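Have a look at the structure below before the remarks.
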DNA sequence: CCTGTCACG
DNA sequence: GACGTACGTGACAGGG
């Protein structure tokens, strides 16, 4: 044993922080055999394992301990009986897991220390002091700000969550003072979490200001009379005792009587047998295997005792880690289907059950250009196969010719597709996929129309929008506790990346079949929850049916005229070159106009203009908003704005769009993500066709490149003021509803009501202000935001808002009710029952305002999204037989390509569908109005 | 890979 | 009282 001293590096892990993070990060998992809650233990072990993996290398610790709290009564409670009095009670299902985390720590062979009547923080402080005195280094693994007072002289903190080291400067960033004065600041600012009172009315900022001015808390309190602000002065004088008590509460104790020494904390290798036995006892199948792998040991078999009904029932609301009938995921157990004979039983199994999970493997992520490489099927959890179809034989590196041969052990593509087609199109067999639109599009290019379908991504979206994303990796990790094989492992990344057809089939089987297996497991787990969460109608009515509709639109694409774009590109380039020369001239030297940092340097440093702000990275910030203020006086700023606009148009639109023209179809095929936006909106990617310019004259011309082929016309139909109409309905504002019924100018009406100006005397400026307020309401208005938008003083903006609420009290009520609902249920809902979770709504701090506004906006934006989704779903049947195709959606607008002679009829049909899309589920008190336009291109049609 | 900026509804 | 502020997206360029 080596004596702790110079060269030693002690790691102190805040155990309680680990436990709580693990508990809150994971769903309430239970042990399969007896229903024991183990979610927190599982997360705790994962975090320890990750810690062990990450802490090797040159900076590895020589000594380590996990420190826990013990006992609820400490010396601080003797000083102040309300200390930590507002702490919530420990959740029921966490309590039994606490002792298990000690066992887990010891199983990893890491020292595990606690002391009755002492907080972990004091033990950590004591050990850190001892280590520092002995000349060693210390890293405290915690993000608890109470520990920041210990930083310095070889002691640092590591925020494991953000993987960020915090040194003296880091502490200064947080507290505005260096570690020696942190307790002084804390004593003043107090801490609501620990119920430390501090000085009322003083937060961290003010506290740091005062401490820096006076040097120390004691000095400040002695000379409090010198403070200018009367309120602050009185507080400090009156609350002196309370502040001094607060300091004692936050001051950590470096003299905790420990019954061990630093030398007892020396890092030890874990005993594989003991560690694996513990993990197996907990029945963590994935983690057991992972650690067994890491240790080079055999993973013990986890006994599969059936859960007695009573034990399962004893933990109500607890979701089982894996549904009881699901065996652990084992990629080695999947089947390689090599022949038609191999495939037959899988088809039969799928038919017999009435469902099958399907996944396709392809050469790329673009459904329009990739090629099919294989198909995997899963019929039961653990029973999955992969049918390779176009894998290439392994060729030598220099083998430029032979490597395109097909690998052995594959059914000829067409033969396999002929066998699969009847199954994939069988109306009696549900095809389950994760993001089925992708697979359906690929297969449709091979002549297979997959139906009916279920989609685990969309099931998750209907259930959990706002809680997390809905990709397979996230879902698998979250709901199955399993990390799928990363595709990177097969394809590599960057320059050396290969396509899936080059992956050896043995490897492909594991990956591909696992995807189908996971999809099936997720389906079994999540599908039954739809009706429990009352979102079956949303899923079946507005998510799932959209898949084939979008697939058809995306496959159709929109014709884009390359010549128009490239002519514009050239023109933009010339203008930009002129502007660039002019700017270099104005600056007196050449610089990169595209670099905001350099532009800022010239404006604010070289030219010495006021109003420059820096970003958090320290570079100058030059958003358009700032440049616009300068532009009236300074040509330089005006030219930069002109340049930026052209640069944006050229790089994002006229240049990039050309790259997206599909050489085979001559058209641009966007992809819509159905589960991307939390509110129910779609998102358009590769390319994004939902942000083609329209507001500026120059930008709008880009829409001229979106054309109809010979003999056809582009038709655009868009909802007029849909979100304001929904607001009028949801908030029940009679005046607004009546205005919409009468077809009045809604913004002018609002202005007239608010400012008492008769409609005949309305000016455009007053109307503009009312319009900004109307939109502000939809966004969860704030005085600050409105002030910025209208470029008026904040007080004036607030006065507008106050008057608005006075005139339309129903809006205020709606907003308050929505927030109250969100706070109670952690979610909001649209008129159609779409659920948007608002997990941050009860959070404290800067997130709170954000969450409030999002909660106000979500039902309105989401209801509008529901309505256009419903219209889109009904559209194909409504326009069947007409010479028309629906091509694009832009949130409140649908774009069609129609034969000239069919335009009037299409407009009539589509308008009827769109205006009636809310019904019969919702009967709005306001009419929905759809405007239509037509032309040879999108610019004319809009 | 992250940040800043800017395009849309 | 302090903090940061309209809502929802995606793409591109710069810079480490």
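Numbering (this note's numbering), first residue to last: 9 to 950. Built from N, CA and C at the ideal position, the CB exists for glycine as well. Keep in mind that this is a model prediction, so the values were computed, not measured.
Next item on the list: Taking only the alpha-carbon atoms, compute the straight-line gap between residue 68 and residue 857 and give it to the nearest angstrom.
Entry: Here residue 68 is taken as the residue at index 60 of the first chain, counted from 1. Here residue 857 is taken as the residue at index 849 of the first chain, counted from 1. Their backbone Cα atoms lie some 42 Å apart in a straight line.
Item checked: Straight-line Cα distance separating residue 841 from residue 531 -> In the first chain, the residue the question calls residue 531 occupies position 523. In the first chain, the residue the question calls residue 841 occupies position 833. One C-alpha to the other measures close to 21 Å.
Checklist line | Stretch pair the segment 495-507 + the segment 545-553: three plus CB contacts closer than 8 Å | finding: No, they do not touch.
Note to self: Looking at the secondary structure, which residues open and close the beta strand (DSSP E) in which residue 501 lies?
What the structure shows: Counted from its first residue, the first chain places residue 501 at position 493. It is not in any beta strand (DSSP E) - residue 501 carries neither H nor E in the DSSP assignment.
Note to self: Taking the alpha-carbon of residue 707 as reference, which of 808, 427 and 580 has the nearest alpha-carbon?
What the structure shows: Within the first chain, numbered from 1, the residue matching residue 707 stands at position 699. Residue 707 has its Cα closest to that of 580, out of 808, 427 and 580.
Item checked: Helix, strand or coil at residue 623 [DSSP, three-state] -> Mapped onto the first chain, residue 623 falls at position 615. Assigned with DSSP and collapsed to three states, residue 623 falls in coil, not helix or strand.
Next item on the list: Return the residue from the list 922, 308 and 302 that minimises the CA-CA distance to residue 285.
Entry: Within the first chain, residue 285 is the residue found at index 277, counting from 1. Checking every option, the nearest Cα to that of residue 285 belongs to 308.
Note to self: Tell me the DSSP secondary structure of residue 165 in three-state form.
What the structure shows: By 1-based counting over the first chain, the position of residue 165 is 157. In this structure, residue 165 counts as strand in the three-state DSSP scheme.
Notebook entry, point to check: In this structure, does DSSP put residue 419 in helix, strand or coil?
Noted result: For the purposes of this step, residue 419 is identified with residue 411 of the first chain, where counting begins at 1. In this structure, residue 419 counts as coil in the three-state DSSP scheme.
Check: Is DSSP giving residue 797 helix, strand or coil here?
Finding: Position 789 of the first chain holds residue 797. In this structure, residue 797 counts as helix in the three-state DSSP scheme.
Margin query: Among 746, 269, 266 and 302, whose alpha-carbon lies nearest the alpha-carbon of residue 935?
Written below: For this step, residue 935 is matched to residue 927 along the first chain. Among 746, 269, 266 and 302, the Cα nearest to that of residue 935 belongs to 746.
Item checked: residue 331 in three-state terms, based on DSSP -> By one-based count along the first chain, residue 331 stands at place 323. Legend: pLDDT at residue 331 = 46, less than 50; position of this residue unreliable, value from coordinates given subsequently. Looking at residue 331 - three-state DSSP - the assignment turns out to be coil, as it is neither helix nor strand.
Checklist line | Residues near residue 606 in its chain [Cβ-Cβ closer than 8 Å; skip 5 each side] | finding: What you label residue 606 is simply residue 598 of the first chain in a count that begins at 1. Counting only Cβ-Cβ distances below 8 Å, and skipping sequence neighbours, we find 599 and 600.
Check: Which word fits residue 32, buried or exposed, when buried means at least 16 other C-beta atoms lie within 10 angstroms of its C-beta?
Finding: Along the first chain, read from residue 1 onward, the residue named residue 32 stands at position 24. An exposed status is given to residue 32, since fewer than 16 other beta-carbon atoms sit within 10 Å of its beta-carbon.
Next item on the list: With DSSP as the reference, label residue 37 as helix, strand or coil.
Entry: Taking the first residue of the first chain as position 1, residue 37 is located at position 29. If DSSP states are grouped into helix, strand and coil, residue 37 belongs with coil.
Notebook entry, point to check: Would you call the segment 156-168 and the segment 279-296 in contact, with 3 or more CB pairs under 8 Å?
Noted result: no
Item checked: Alpha-carbon to alpha-carbon, residue 494 and residue 342 -> As a working note, residue 342 is residue 334 in the first chain. As a working note, residue 494 is residue 486 in the first chain. Counting only the Cα atoms, residue 494 lies some 17 Å from residue 342.
Next item on the list: Report the three-state DSSP secondary structure of residue 480 (helix, strand or coil).
Entry: Counted from its first residue, the first chain places residue 480 at position 472. The answer is helix: DSSP assigns residue 480 an H, G or I state.
Checklist line | For residue 515, the three-state DSSP class (helix, strand or coil) | finding: For the purposes of this step, residue 515 is taken as residue 507 along the first chain, with counting starting at 1. Helix.
Notebook entry, point to check: Would the segment 80-92 and the segment 25-45 be scored as touching if the rule is three or more Cβ pairs under 8 Å?
Noted result: no
Next item on the list: Please look up how many angstroms separate the CB atoms of residue 432 and residue 456, rounded, as I've assumed it's under 8 Å.
Entry: The residue given as residue 432 occupies position 424 in the first chain. The residue given as residue 456 occupies position 448 in the first chain. Their Cβ separation, rounded to whole angstroms, is 5 Å, which keeps residue 432 and residue 456 in contact under 8 Å.
Notebook entry, point to check: What is the DSSP secondary structure of residue 907, counted as helix, strand or coil?
Noted result: Reading the first chain from its first residue, position 899 is the one you call residue 907. Here residue 907 sits in strand by DSSP.
Next item on the list: Put residue 210 into one of helix, strand or coil per three-state DSSP.
Entry: Mapped onto the first chain, residue 210 falls at position 202. Reduced to three states, the DSSP call for residue 210 is coil.
Next item on the list: Return the bridge partner residues of residue 714 from the DSSP annotation.
Entry: If you number the first chain from 1, residue 714 lands on position 706. In the DSSP output, where bridge partners are listed per residue, residue 714 has 568.
Notebook entry, point to check: Among 792, 819 and 26, which residue has its Cα nearest to the Cα of residue 807?
Noted result: Counting from 1 along the first chain, the entry for residue 807 is found at position 799. The candidate whose alpha carbon is nearest that of residue 807 is 792.
Next item on the list: Answer yes or no: do residue 271 and residue 71 have a C-beta to C-beta separation smaller than 9 Å?
Entry: As a first step, residue 271 is located in the first chain; it is residue number 263 there, counting from the start. As a first step, residue 71 is located in the first chain; it is residue number 63 there, counting from the start. Yes, the pair counts as a contact, with Cβ atoms nearer than the cut-off.
Check: Is the beta carbon of residue 128 sitting closer than 9 Å to the one on residue 75?
Finding: Numbered from its first residue, the first chain carries residue 128 at position 120. Numbered from its first residue, the first chain carries residue 75 at position 67. Yes; because the gap between Cβ atoms is below 9 Å, this pair is in contact.
Next item on the list: Could you tell me which residues DSSP pairs with residue 382 in its beta bridges?
Entry: Looking up residue 382 in the first chain gives position 374. The partner list for residue 382 (beta bridge, DSSP) reads 369 and 396.
Checklist line | Through-space distance from residue 514 to residue 339, alpha-carbon basis | finding: Here residue 339 corresponds to residue number 331 of the first chain, with the count starting at 1. Here residue 514 corresponds to residue number 506 of the first chain, with the count starting at 1. So the alpha carbons of these two residues sit roughly 11 Å apart.
Next item on the list: Express the C-alpha separation of residue 361 and residue 438 in angstroms, rounding to a whole number.
Entry: On the first chain, position 430 is the one that residue 438 refers to. On the first chain, position 353 is the one that residue 361 refers to. Whole-angstrom Cα-Cα distance: 9 Å.
Margin query: Please identify the residue among 633, 617 and 927 whose C-alpha is closest to the C-alpha of residue 797.
Written below: Counted from its first residue, the first chain places residue 797 at position 789. Proximity to residue 797 across 633, 617 and 927 peaks at 633, based on C-alpha coordinates.
Checklist line | For residue 510 and residue 400, believed in contact at Cβ under 8 Å, the rounded distance | finding: In the first chain, residue 400 corresponds to position 392, counting from 1. In the first chain, residue 510 corresponds to position 502, counting from 1. Sure, about 6 Å apart at Cβ, within 8 Å.
Check: Taking all protein chains shown into account, do 16 or more other C-beta atoms lie within 10 angstroms of the C-beta of residue 268, making it buried, or fewer, making it exposed?
Finding: Taking the first chain and counting its residues from 1, the one referred to as residue 268 is at position 260. Exposed is the call here.
Check: Can you list, in chain order, the residues of its chain whose CB lies under 8 Å from that of residue 373, leaving out five sequence neighbours each side?
Finding: By 1-based counting over the first chain, the position of residue 373 is 365. Within the same chain, residue 373 has no close Cβ partners at all.
Notebook entry, point to check: Which same chain residues, not among the five before or five after residue 890, have their C-beta less than 8 Å away from its C-beta?
Noted result: For the purposes of this step, residue 890 is taken as the residue at position 882 of the first chain. Cβ within range, chain order: 906, 910, 913, 914 and 917.
Next item on the list: Indicate, with yes or no, if the ligand GTP has a heavy atom lying under 8 Å from the CB of residue 53.
Entry: Among the components of this structure there are no ligands whatsoever, and the ligand GTP is therefore not found.
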